[in-house]
Amino acid sequence: DLPAGYALQAVGSFQNQIEANQRLMWVVPLVIATNLFIIYLQFRHLPITLAVFTGIPVAFAGGMILLALNGIEMNTAVWVGFIALFGIAVDDGVVMATYLDQVYSRRRLATVDDIRDATVEAGMRRIRPCLMTTFTTVIALIPVLSSSGRGADVAKAMAWPVFGGMVVALLTLFVVPVVFCGFKELKKNLGIHDRHWAARDPADDRQDIESSSSV
1 DLPAGYALQA VGSFQNQIEA NQRLMWVVPL VIATNLFIIY LQFRHLPITL
51 AVFTGIPVAF AGGMILLALN GIEMNTAVWV GFIALFGIAV DDGVVMATYL
101 DQVYSRRRLA TVDDIRDATV EAGMRRIRPC LMTTFTTVIA LIPVLSSSGR
151 GADVAKAMAW PVFGGMVVAL LTLFVVPVVF CGFKELKKNL GIHDRHWAAR
201 DPADDRQDIE SSSSV
């Protein structure tokens, strides 16, 4: 109970923290929605967009796990790190899905086995570039995580979510191809038309045979 004319009000750093949390309540959903929209502009296909978008919740889970293991509490700097993570977590998924689409178009799929073979081929061709992208990001954060100078606490708080999220985001190298392949198989089994179902040109078969003979 306060005397008449007295009041309690948050000021200073605590007031800034409250205002920042209120802004993050709409900034974080806006960032996620913007990522989803940009991915859709890339592929113009909602199922593929959602398959690539799976990288964001997977990376978010990885960042939260690492924060829990290190006993780090959520604050503004941590949320800024998550915002940065959401922007780069879908890079591997975009690379993988783009090449999957190219392989599907080139192979002209006719059966479920064709879909699976094309998925394995695309995955094996793009796993190395995706690993290089992830490792360069993770390695670049090691000096930040090991720093101890002035302002290191804020830098570490932003770096931990990105570090943990990118490590766990490696799962998208398997999630995106599997989801993409499963979607194509479902359409094939249901008899739904798809631009990748075009009949294979016999000239392509002759070309493949000639290429195999030359090898």
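Letter 115 of the sequence shown, counting from 1, is numbered 115 in this note's numbering, and no numbers are missing.
C-beta: ideal position from N, C-alpha, C; glycine also.
Membership of G93 in the alpha helix (DSSP H) is indicated by the continuous run D91 to R107. The segment 20 to 32 makes no contact with the segment 132 to 149: fewer than 3 CB pairs, one atom from each, lie closer than 8 Å. Under the DSSP assignment, Q17 falls in the alpha helix (DSSP H) whose first and last residues are G12 to F43.
For A68, the closest C-alpha among the options G164, W197, I32 and D153 is that of G164. Here DSSP, grouped into helix, strand and coil, assigns G63 to helix. The DSSP-derived three-state label of A7 is coil. When the five nearest sequence neighbours on each side are left out, the beta carbons in the same chain lying within less than 8 Å of the beta carbon of N75 are those of Q17 and A157, in order along the chain. Of A77, F60 and G55, the smallest CA-CA separation from N21 is found for A77.
If you ignore the 5 residues before and after T54, its C-beta comes within less than 8 Å of the C-beta of G93, T172, V175, V176 and V179, all in its own chain and listed in chain order. The C-beta of F37 has fewer than 16 other C-beta atoms within 10 Å across all chains shown, which makes the residue exposed. The C-beta distance from M166 to V144 rounds to 13 Å, too long to fall under 8 Å, and the pair is not in contact. If you look at D117, you'll find it in the alpha helix (DSSP H) that goes V112 to L145.
Between A169 and A4, the CB-CB gap reaches or exceeds 7 Å.
Cβ neighbours of A159 within its own chain (closer than 8 Å, five residues either side excluded): G81, L141, V144 and L145.
Contact annotation: V162 and A84 have beta-carbon atoms nearer than 7 Å.
If you draw a 10 Å sphere on the C-beta of T119, you find 16 or more other C-beta atoms in it, and that means buried. DSSP, read as helix, strand or coil, puts H193 in coil.
Scanning its chain for C-beta atoms nearer than 7 Å, with the 5 sequence neighbours on each side dropped, one finds around D114 the residues R107, in chain order. Sixteen is the threshold: since fewer than 16 other Cβ atoms of the shown chains lie within 10 Å of the Cβ of G12, the residue is exposed. The beta carbon of R125 is closer than 7 Å to those of Y99 in its chain, skipping five residues each way along the sequence.
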